[in-house]
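Enquirer: Handing you a structure now.
In full-length UniProt numbering, the protein residues as written are 1 to 195.
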(Lines of atoms letter the chains of each structure in order from A; the text may use other names.)
(Lines give C-alpha, C1' and ligand atoms only; values in the text may rest on other atoms or scores of the structure.)
Protein backbone atom coordinates (compact mmCIF):
# COMPACT_ATOMS: atom_id res chain seq x y z
CA UNK A 1 0.00 0.00 0.00
CA UNK A 2 1.27 3.44 -0.92
CA UNK A 3 1.10 5.83 2.03
CA UNK A 4 1.57 9.54 1.46
CA UNK A 5 3.46 11.45 4.20
CA UNK A 6 0.51 13.64 5.20
CA UNK A 7 1.78 14.72 8.63
CA UNK A 8 2.26 18.49 8.95
CA UNK A 9 6.02 18.15 9.49
CA UNK A 10 6.34 16.58 6.02
CA UNK A 11 3.71 18.62 4.15
CA UNK A 12 4.57 22.14 5.34
CA UNK A 13 7.87 22.62 3.51
CA UNK A 14 6.71 21.61 0.00
CA UNK A 15 3.60 23.78 0.40
CA UNK A 16 5.66 26.76 1.57
CA UNK A 17 8.05 26.24 -1.36
CA UNK A 18 5.20 26.15 -3.87
CA UNK A 19 3.54 29.22 -2.29
CA UNK A 20 6.85 31.13 -2.41
CA UNK A 21 7.35 30.29 -6.08
CA UNK A 22 3.76 31.30 -6.89
CA UNK A 23 4.25 34.61 -5.01
CA UNK A 24 7.33 35.40 -7.11
CA UNK A 25 5.33 34.68 -10.26
CA UNK A 26 2.15 36.48 -9.16
CA UNK A 27 3.92 39.65 -8.02
CA UNK A 28 6.21 39.56 -11.07
CA UNK A 29 9.41 39.52 -9.00
CA UNK A 30 11.32 37.37 -11.48
CA UNK A 31 13.81 40.13 -12.35
CA UNK A 32 14.62 40.56 -8.65
CA UNK A 33 15.13 36.84 -7.99
CA UNK A 34 16.51 35.29 -11.22
CA UNK A 35 20.06 34.02 -11.56
CA UNK A 36 21.71 36.83 -13.52
CA UNK A 37 25.45 36.40 -13.98
CA UNK A 38 26.17 40.10 -14.55
CA UNK A 39 24.27 41.14 -11.42
CA UNK A 40 25.91 38.39 -9.36
CA UNK A 41 29.29 39.78 -10.45
CA UNK A 42 28.09 43.18 -9.18
CA UNK A 43 27.49 41.69 -5.73
CA UNK A 44 23.87 40.50 -5.84
CA UNK A 45 24.84 37.14 -4.37
CA UNK A 46 21.31 36.24 -3.20
CA UNK A 47 20.60 35.33 -6.81
CA UNK A 48 22.75 32.22 -6.35
CA UNK A 49 19.89 30.90 -4.20
CA UNK A 50 16.78 32.73 -5.37
CA UNK A 51 17.17 32.11 -9.10
CA UNK A 52 15.89 28.59 -8.60
CA UNK A 53 12.58 29.81 -7.18
CA UNK A 54 11.65 32.12 -10.07
CA UNK A 55 10.14 30.69 -13.28
CA UNK A 56 9.89 31.80 -16.89
CA UNK A 57 6.08 31.47 -17.01
CA UNK A 58 3.17 29.72 -15.32
CA UNK A 59 3.69 26.53 -17.35
CA UNK A 60 7.27 26.34 -16.11
CA UNK A 61 6.09 26.86 -12.55
CA UNK A 62 3.36 24.22 -12.82
CA UNK A 63 5.78 21.64 -14.27
CA UNK A 64 8.16 22.20 -11.37
CA UNK A 65 5.30 22.09 -8.85
CA UNK A 66 4.40 18.68 -10.28
CA UNK A 67 8.02 17.66 -9.66
CA UNK A 68 7.84 18.91 -6.07
CA UNK A 69 4.65 16.89 -5.55
CA UNK A 70 6.12 13.73 -7.10
CA UNK A 71 9.26 13.93 -4.97
CA UNK A 72 7.16 14.58 -1.85
CA UNK A 73 5.00 11.53 -2.67
CA UNK A 74 8.11 9.36 -3.10
CA UNK A 75 10.37 10.68 -0.35
CA UNK A 76 8.45 13.24 1.71
CA UNK A 77 8.99 11.34 4.94
CA UNK A 78 12.78 11.72 4.59
CA UNK A 79 12.77 15.46 5.27
CA UNK A 80 11.08 17.59 7.87
CA UNK A 81 10.74 21.33 7.30
CA UNK A 82 14.19 22.52 8.43
CA UNK A 83 16.00 19.68 6.66
CA UNK A 84 13.97 20.28 3.51
CA UNK A 85 14.91 23.95 3.27
CA UNK A 86 18.51 23.30 4.28
CA UNK A 87 18.78 20.81 1.42
CA UNK A 88 17.18 23.21 -1.05
CA UNK A 89 19.51 26.06 -0.11
CA UNK A 90 22.65 23.91 -0.25
CA UNK A 91 21.62 22.42 -3.60
CA UNK A 92 20.75 25.90 -4.90
CA UNK A 93 24.16 27.26 -3.97
CA UNK A 94 26.05 24.27 -5.38
CA UNK A 95 24.05 24.30 -8.61
CA UNK A 96 24.50 28.05 -9.06
CA UNK A 97 28.22 27.92 -8.34
CA UNK A 98 28.47 25.17 -10.95
CA UNK A 99 26.59 27.32 -13.46
CA UNK A 100 28.81 30.28 -12.64
CA UNK A 101 32.11 28.40 -12.91
CA UNK A 102 31.49 25.86 -15.65
CA UNK A 103 28.81 27.51 -17.80
CA UNK A 104 29.85 31.17 -18.16
CA UNK A 105 27.62 31.49 -21.24
CA UNK A 106 24.57 30.94 -19.03
CA UNK A 107 23.77 34.57 -18.32
CA UNK A 108 20.31 34.01 -16.86
CA UNK A 109 18.59 31.03 -15.29
CA UNK A 110 15.30 30.37 -13.52
CA UNK A 111 13.55 27.26 -12.28
CA UNK A 112 13.52 24.53 -9.66
CA UNK A 113 14.33 21.64 -11.99
CA UNK A 114 18.08 21.67 -11.36
CA UNK A 115 17.74 21.39 -7.61
CA UNK A 116 14.82 18.96 -7.95
CA UNK A 117 17.20 16.61 -9.74
CA UNK A 118 19.46 16.86 -6.69
CA UNK A 119 16.58 16.23 -4.29
CA UNK A 120 15.42 13.12 -6.17
CA UNK A 121 19.01 11.80 -6.17
CA UNK A 122 19.20 12.37 -2.40
CA UNK A 123 15.91 10.49 -1.95
CA UNK A 124 17.18 7.61 -4.09
CA UNK A 125 20.36 7.44 -2.00
CA UNK A 126 18.26 7.31 1.19
CA UNK A 127 16.17 4.51 -0.36
CA UNK A 128 19.41 2.60 -1.04
CA UNK A 129 20.62 3.17 2.53
CA UNK A 130 17.34 1.67 3.74
CA UNK A 131 17.86 -1.39 1.54
CA UNK A 132 15.18 -0.51 -1.01
CA UNK A 133 16.15 -1.78 -4.46
CA UNK A 134 13.92 0.83 -6.05
CA UNK A 135 16.44 3.42 -4.88
CA UNK A 136 19.08 1.97 -7.19
CA UNK A 137 16.61 1.96 -10.09
CA UNK A 138 15.67 5.58 -9.40
CA UNK A 139 19.29 6.70 -8.97
CA UNK A 140 20.45 5.14 -12.23
CA UNK A 141 17.22 6.12 -14.01
CA UNK A 142 17.81 9.78 -13.21
CA UNK A 143 21.40 9.51 -14.41
CA UNK A 144 20.28 7.82 -17.65
CA UNK A 145 17.81 10.66 -18.23
CA UNK A 146 20.55 13.22 -17.65
CA UNK A 147 22.97 11.39 -19.97
CA UNK A 148 20.27 11.31 -22.65
CA UNK A 149 19.70 15.05 -22.24
CA UNK A 150 23.42 15.80 -22.46
CA UNK A 151 23.75 13.88 -25.74
CA UNK A 152 20.36 14.75 -27.23
CA UNK A 153 20.18 18.37 -26.12
CA UNK A 154 17.30 20.26 -24.53
CA UNK A 155 13.73 19.24 -25.36
CA UNK A 156 12.42 21.84 -27.84
CA UNK A 157 8.75 21.10 -27.06
CA UNK A 158 9.23 21.71 -23.35
CA UNK A 159 11.27 24.80 -24.20
CA UNK A 160 8.37 26.11 -26.27
CA UNK A 161 5.93 25.37 -23.44
CA UNK A 162 7.99 27.20 -20.82
CA UNK A 163 9.11 29.95 -23.21
CA UNK A 164 12.76 29.29 -22.37
CA UNK A 165 15.54 26.89 -23.22
CA UNK A 166 15.51 23.84 -20.94
CA UNK A 167 18.65 24.26 -18.83
CA UNK A 168 19.96 20.71 -19.01
CA UNK A 169 23.23 21.87 -17.48
CA UNK A 170 21.30 22.75 -14.30
CA UNK A 171 19.81 19.23 -14.27
CA UNK A 172 23.34 17.82 -14.48
CA UNK A 173 24.69 20.12 -11.78
CA UNK A 174 21.76 19.45 -9.45
CA UNK A 175 22.22 15.69 -9.80
CA UNK A 176 25.97 16.07 -9.24
CA UNK A 177 25.30 18.13 -6.11
CA UNK A 178 22.93 15.44 -4.83
CA UNK A 179 25.42 12.71 -5.72
CA UNK A 180 28.14 14.57 -3.81
CA UNK A 181 26.29 13.46 -0.69
CA UNK A 182 26.74 9.85 -1.82
CA UNK A 183 30.51 10.36 -2.01
CA UNK A 184 30.56 11.84 1.51
CA UNK A 185 28.40 9.01 2.85
CA UNK A 186 30.58 6.33 1.20
CA UNK A 187 33.74 7.85 2.69
CA UNK A 188 32.16 7.85 6.16
CA UNK A 189 30.87 4.31 5.67
CA UNK A 190 34.29 3.02 4.59
CA UNK A 191 35.98 4.75 7.54
CA UNK A 192 33.55 3.04 9.94
CA UNK A 193 34.20 -0.34 8.31
CA UNK A 194 37.95 -0.01 8.96
CA UNK A 195 37.46 0.63 12.68
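Virtual Cβ for every residue (Gly too), placed ideally from N, Cα, C.
Can you look up residue 17 in the DSSP assignment and give me helix, strand or coil?
Expert: helix
Enquirer: Enumerate, from N- to C-terminal direction, the unbroken alpha helix (DSSP H) stretches of 4 or more residues contained entirely within the segment 152-180.
Expert: 156-162
Enquirer: What would DSSP say about residue 127, mapped onto helix, strand or coil?
Expert: helix
Enquirer: For residue 126, I'd like the list of residues in its chain whose CB is within less than 8 Å of its CB, leaving aside the five on either flank, ordered along the chain.
Expert: 75, 78, 135
Enquirer: List the whole-angstrom C-beta distance separating residue 166 from residue 112, where the pair is believed to meet the contact cut-off of C-beta under 8 Å.
Expert: Not quite, the Cβ-Cβ distance comes to about 13 Å (not below 8 Å), so this is no contact.
Enquirer: By how many angstroms is the C-alpha of residue 42 removed from the C-alpha of residue 5?
Expert: 42 Å
Enquirer: Could you check if residue 1 is buried or exposed, using at least 16 other CB atoms within 10 Å of its CB as the buried criterion?
Expert: Below a pLDDT of 50, predicted positions are generally treated as unreliable, and residue 1, at 47, falls in that range; no measurement from the model is reported.
Enquirer: Do the segment 147-162 and the segment 54-62 meet, that is, are 3 or more Cβ pairs less than 8 Å apart?
Expert: yes
Enquirer: Going along the chain, which residues of its own chain have a beta-carbon closer than 7 Å to the beta-carbon of residue 171, five neighbours each way excluded?
Expert: 113, 114, 117, 146, 149
Enquirer: Are the segment 90-106 and the segment 25-32 touching by the rule of at least three beta carbon pairs closer than 8 Å?
Expert: no
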